[in-house]
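If you read the protein sequences in the order shown, they are chains Z and R.
Residue numbers for the first sequence follow our numbering, so the first one is 1 and each next one is one higher.
Residue numbers for the second sequence follow our numbering, so the first one is 461 and each next one is one higher.
Written below as structure tokens is the structure these notes are about.
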Amino acid sequence: MRLGATAVRALTKAVGEEHVRFTPGELAPYRRDATPLFTGHPDAVVFPADTGEVAAVLGVATEHGIPVVPRGAGSNLCAATVPSHGGIVLVLTRLNRILELSRDELLARVQPGVAVARLAETAAHAGLLYPPDPGSRGVATVGGTIATCAGGLRGLKYGVTRNYVLGLEAVLPTGETIRTGGRLWKDVAGYDLTRLLTGSEGTLAVITEATVALLPMPSHSRTGVAYFGSLAEAGQAVSAILAAGVVPATLEFLDRKCVAAVEAHARLGLRTDAGALLLFGDDGPIEVVAGNMVRIRTLCTEAGAWETTLAEDVAAADALLAARRCSLPALSRLGALTILEDATVPRPRLADMVARIDEIADRHGLHIATFGHAGDGNLHPTCVLDPGEHGAADRAHKAFAEIFAAALELGGTITGEHGVGAAKLPFLADRVGDAQLALLRRVKQAFDPAGILNPGKLGS
Amino acid sequence: MSDIFDKDLLQRCISCGFCLPACPTYALTGDEASSPRGRITLMRALEPGELAADDPALVEQSSFCLGCRACEPVCPAGVRYGALLEQWRDHQWRGRRRPWPARLLMGIVARAWLLGLQGLARRHARTRPAPAGPSLLLGCVERGLYPGVSRAAVRLRPELAAPSRQGCCGALHAHNGDSAAGARLARTLGGRLPGTIVTTAGGCAAHLAEHLGRDRVREFGEYLAEQGHRPAGEVRVAGRRARVALQDSCHGRNALGVHRQPRQLIAAVADYVELPGAADCCGAAGTYALLRPHDSRRVLAPKLAAIEQADVDFVVAVNPGCLRQLRRGLRGSRVRAVHLAELLALAGGNGPYPPGRR
Ligand SMILES: Cc1cc2nc3c(=O)[nH]c(=O)nc-3n(C[C@H](O)[C@H](O)[C@H](O)COP(=O)(O)OP(=O)(O)OC[C@H]3O[C@@H](n4cnc5c(N)ncnc54)[C@H](O)[C@@H]3O)c2cc1C
Ligand code: SF4
Ligand code: SF4
């Protein structure tokens, strides 16, 4: 769609001339996000400064029937910020202040454009922990992670983003501003709209402020690695650890291809001959952490680990975690087109799922490398392709459709943390069923009667 | 399809966004277009002609980029952004499209005899060539602006030969849209200076390493560390050991991986203070301070604040552009900006005093 002259004038008036973009070159960087193979064509990019300006932009959009795609850092992996219906990309990076950090109340009030790592570091300076820890923490924004309910490397013990959102300020497509939840740890006045907006992927409202819960910083933490002959064996070790009643903060795994790719970038001296690496970590009082490290190492050895080692100090532990976080981009060293998925199964089915992925990859003649949040049953099988190779992407899509089906069969889901966006929408009905899908659409209607917020995604 | 870019290089990026937090221009704007990933998207639109080279966004973003390469070491996919930027500017700034101050400078420094004239007015170090090296690169900016740096370097390491007629390394050309001349000048200089080339300019070091091979080139601090140089003495201020911070050289750090060595050398003669953002670009960025003075100052501003807050006596630069930028920024401040070589010479008791002046 193209914008009419009145809409252009109104948008310019809403945020100021400096903060709107209309030319092809200025728009080009907003055609896509971190998801491969999806692009759109925005008609405008708008950078509001505050809640009032967000409301003004949404007012213009509703009046003129212009689609609006909210965007944080554009690091999502489900094409959730691709402007597939054109319209306005609403970039929230100028709302980048940490408004309050309260040690007494263990909470922070932040604007949506603040990067997760910045929030976490600011909290850490005050002796507090913001647990949500997606691999993309350096770039991903608080708004984006709430809107996708991001998981991460601490999901096992600490849960995911939704467990830390106390309240939200959000602007509805109709222009009204609402405040849901707040500073209270208990508050059941009304439907839990905070949770509804968490994971709503920019389809219901634009989040303009969040109140998030913090925890006291654990006094100690340790991180280590175990090497196995295969990913399936590592999966068995994970089951054994959980079955033994140990719930560490972090249990992540990478298969051989991932370890090799990560080592090529990070050069930590990881063993590249093993079939899989299990990264484990825990935090808390020193006795508890030390005890858990011993138990995890023993259980790994019993499950057939070749070797287990503990990081010597915090810097070494951070380096290991950083290496795990970069698995996806590091894998692209093997081929410039990397398509990654997010299948998740109940924890005891992890090893089964790994085996199913291997089988499917072999049958389609594809290179699929797998890493993921083993402790959450959350796998990221990643297909590495040469973009020039004819028909390769089609084969990958066929294989992934089978992987989704396998995950569902094992009692799992099509996406554990990356979201639905445009990429998974065709598969959503398989997971939630027709009745729920229809309800999602009615919810969307109630928030956004004109259907302007992120069309072609959740709720469409 | 045109051939502005090396296809393999351009294809490498998977748009993950890991590089965004490292980019100083993205930090200023929050606009994807001024991020490394956004710029690569723009290059990808330019390559097949979806966008014309005179598209205002292409013109603006190719010039707004500092070329600091902070986006490289953080990129897990191994994208060689510096090389892409050179190719982009080769196209974007070809011929008369190049900003005139850059054109003027490039014309001057490409003539070795003109560079040599600076030596008449400025007493930089000068020795006879040594047939097997190691040789000290005098640098076209440094020999004119800060001749004391090469003098300090040679005093610290008398084995360094510093012949006057050596020419320019070509980094200036490579970064300003003429990478062919940049490569040619580097090779010529490699022929004139035998053996290992030691340089007090991180930017020159990275460019020479690219064209002569990493083995032939040593950044000054790196060279000292490798030679097992033990800095003598101590830098004292007002009766106590001086507090000294470092400003990394972007290319020294991001392209060559040199960052430990200068810190250790400083710590040997003073109390080393790590500035927050020591690794971030200071905004000098070669010709950037000249071409985009306003943006250059915006990039510098948080650094100046950090320096003042850290309560240091000196801030050390390892690149003449950074030295100039910091000295200008710190005018009127108590804090002095000096080159690493000057600081070490000062500690040994044979440096200029007061330091930070010519
Ligand atoms: C290398 C890499 C590693 C990753 N690791 C993880 C991981 O471990 N766990 C995980 O869960 N994800 C991970 N991700 C995915 C991604 O980082 C997350 O989805 C993240 O939450 C996106 O944040 P963002 O700020 O980039 O949001 P964007 O990508 O900009 O947007 C994501 C969605 O949120 C909406 N949105 C953004 N801001 C707002 C707002 N203020 N109001 C309303 N809606 C909004 C958008 O419309 C879109 O639907 C990873 C991505 C990469 C590239
Ligand atoms: S340059 Fe590297 S870090 Fe940046 S988006 Fe591309 S692949 Fe990711
Ligand atoms: S070179 Fe520096 S300014 Fe340019 S894109 Fe990379 S990080 Fe940003």
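We treat Cβ as the ideally placed atom computed from N, Cα and C, and that holds for glycine.
*Under 8 Å between beta-carbons, which chain R residues line up against Z/Ala463? List them in chain order, please.*
Look at the range of chain Z in this structure, 1 to 460, and you will see that residue 463 of chain Z is not part of it.
*asked:* For ligand 5, I want to know if R/Pro496 counts as a neighbour, meaning its beta carbon is within less than 7 Å of at least one of the ligand's heavy atoms.
replied: With respect to small molecules bound, the structure shown includes ligand 1, ligand 2 and ligand 3 and not ligand 5.
*Would you kindly report the start and end of the unbroken beta strand (DSSP E) that includes Z/Val384?*
378-385 is the extent of the beta strand (DSSP E) around Z/Val384.
*Have a look at Z/Gly229 and Z/Ala351 and give me their C-alpha separation to the nearest angstrom.*
Whole-angstrom Cα-Cα distance: 13 Å.
*Give the residues of chain Z in contact with R/Gly498, contact being defined as C-beta atoms less than 7 Å apart.*
Within chain Z, the residues near R/Gly498 are Pro29.
*For Z/Ala226, which three-state DSSP category applies?*
Z/Ala226 carries a strand assignment under DSSP once its states are collapsed to helix, strand and coil.
*Please name the residue or residues paired with R/Arg796 in a DSSP beta bridge.*
Beta-bridge partners assigned by DSSP to R/Arg796: R/Phe774.
_Any beta carbon of chain Z sitting closer than 8 Å to that of R/Phe478?_
Yes - at least one Cβ of chain Z is within 8 Å of the one on R/Phe478.
*Who are the Cβ neighbours of Z/Ala123 in its own chain at under 7 Å, not counting the five residues just before and after it?*
The beta carbon of Z/Ala123 lies closer than 7 Å to those of Leu101, Ala108, Leu129, Tyr130, Leu214 in the same chain, with the five residues before and after it left out.
*Assign R/Asp466 to one of two classes, buried (16 or more other C-beta atoms within 10 Å of its C-beta) or exposed (fewer than that).*
With fewer than 16 other Cβ atoms inside 10 Å of its own Cβ, R/Asp466 counts as exposed.
*asked:* For Z/Leu99, count the other beta carbons within 10 Å of its own beta carbon; 16 or more makes it buried, fewer makes it exposed. Which is it?
replied: Around the beta carbon of Z/Leu99, fewer than 16 other beta carbons sit within 10 angstroms, so the residue counts as exposed.
*Just the Cα atoms here: how many angstroms apart are Z/Val116 and Z/Met217?*
When rounded, the distance between both Cα atoms is 16 Å.
_Nearest-angstrom beta carbon gap, Z/Gly235 and Z/Ala374 [assumed within contact, 8 Å]_ = Z/Ala374 to Z/Gly235, Cβ: 7 Å. Contact.
*Kindly list the residues whose CB is nearer than 7 Å to the CB of R/Ala797, restricted to its own chain and excluding five residues on each side of it in sequence; keep chain order.*
Correct list, in chain order: Val775, Ala777, Leu783, Leu786, Arg787, Leu790, Gly816.
*asked:* Between R/Val609, R/Asp675, R/Ala631, which has its C-alpha nearest R/Leu545's C-alpha?
replied: Nearest neighbour of R/Leu545 by Cα position, chosen from R/Val609, R/Asp675, R/Ala631, turns out to be R/Ala631.
_Please state whether the Cβ-Cβ distance between Z/Val139 and Z/Leu119 is less than 8 Å._
No. Outside cutoff.
_Paired residues, beta bridge with Z/Phe280 - DSSP_ = In the DSSP secondary-structure assignment, Z/Phe280 is bridged to Z/Gly224, Z/Leu251.
*asked:* I'd like to know if R/Thr648 contacts chain Z, where contact means its C-beta is closer than 8 Å to some C-beta of that chain.
replied: Chain Z contact via Cβ: absent.
*Could you give the residue range of the alpha helix (DSSP H) that holds R/Phe524?*
Note, R/Phe524: alpha helix (DSSP H), 516-524.
*asked:* With a threshold of 8 Å between beta-carbons, can Z/Ala336 be considered close to chain R, or not?
replied: So, interface residue.
*Excluding the five sequence neighbours on either side, which residues of its own chain have a C-beta within less than 6 Å of the C-beta of R/His719, listed in chain order?*
Setting aside the 5 residues that flank it on each side, R/His719 is surrounded in the same chain by Asp708, Arg713, each with a C-beta closer than 6 Å to its C-beta; the list follows chain order.
*To the nearest angstrom, how far is it from the Cα of Z/Asp33 to the Cα of Z/Ala355?*
Between Z/Asp33 and Z/Ala355, the alpha-carbon positions lie close to 31 Å from each other.
*Report yes or no: do the stretch 674-684 of chain R and the stretch 510-520 of chain R share at least 3 C-beta pairs separated by less than 8 Å?*
Not touching, per the Cβ criterion.
*Got a sec, what are the start and stop residues for the beta strand (DSSP E) Z/Ile88 sits in?*
Segment 88-91, the beta strand (DSSP E) holding Z/Ile88.
*State the beta-bridge partners of Z/Asp342 as determined by DSSP.*
In the DSSP output, where bridge partners are listed per residue, Z/Asp342 has Z/Thr415.
*asked:* Between which two residues does the beta strand (DSSP E) holding R/Gln707 run?
replied: Residue range 703-707 is occupied by the beta strand (DSSP E) that includes R/Gln707.
*State whether the stretch 267-275 of chain Z contacts the stretch 313-325 of chain Z, with contact taken as three or more CB pairs (one from each stretch) at a distance under 8 Å.*
Enough Cβ pairs lie closer than 8 Å, so yes.
*Assign Z/Ile286 to one of two classes, buried (16 or more other C-beta atoms within 10 Å of its C-beta) or exposed (fewer than that).*
An exposed status is given to Z/Ile286, since fewer than 16 other beta-carbon atoms sit within 10 Å of its beta-carbon.
*With 16 other CB atoms within 10 Å as the buried threshold, where does Z/Lys186 fall?*
Under a 10 Å Cβ-count criterion, Z/Lys186 is classified as exposed, with fewer than 16 other Cβ atoms of the shown protein chains found around its own Cβ.
*What are the boundary residues of the alpha helix (DSSP H) that includes Z/Glu53?*
51-64 is the extent of the alpha helix (DSSP H) around Z/Glu53.
*Taking the alpha-carbon positions, what's the Z/Phe447 to Z/Ala170 distance?*
Distance between the alpha carbons of Z/Phe447 and Z/Ala170: 11 Å.
_Applying the 10 Å Cβ sphere with the 16-neighbour rule, what's the burial state of Z/Pro132?_
By the 16-neighbour rule on beta-carbons within 10 angstroms, Z/Pro132 is buried.
*Would a check of beta-carbon distances place Z/His390 closer than 8 Å to chain R?*
False, the Cβ-Cβ gap to chain R never drops below 8 Å.
*Evaluate R/Ala592 with the Cβ neighbour count: other Cβ atoms within 10 Å of its Cβ, from every protein chain shown; 16 or more gives buried, anything less gives exposed.*
Looking at its Cβ environment, which holds fewer than 16 other Cβ atoms inside 10 Å, R/Ala592 is exposed.
*For R/Asn779 and R/Arg818, the rounded distance between their alpha carbons*: In this prediction, R/Arg818 scores a pLDDT of 39, lower than 50, which makes its location untrustworthy; the coordinate-derived value is nonetheless stated afterwards. Spanning the alpha carbons of R/Arg818 and R/Asn779 requires a straight line of approximately 16 Å.
_Could you check whether Z/Glu341 and Z/Gly151 sit closer than 8 Å to each other, using their CB atoms as the reference points?_
Their beta carbons are not under 8 Å apart, which means Z/Gly151 does not touch Z/Glu341 by this criterion.
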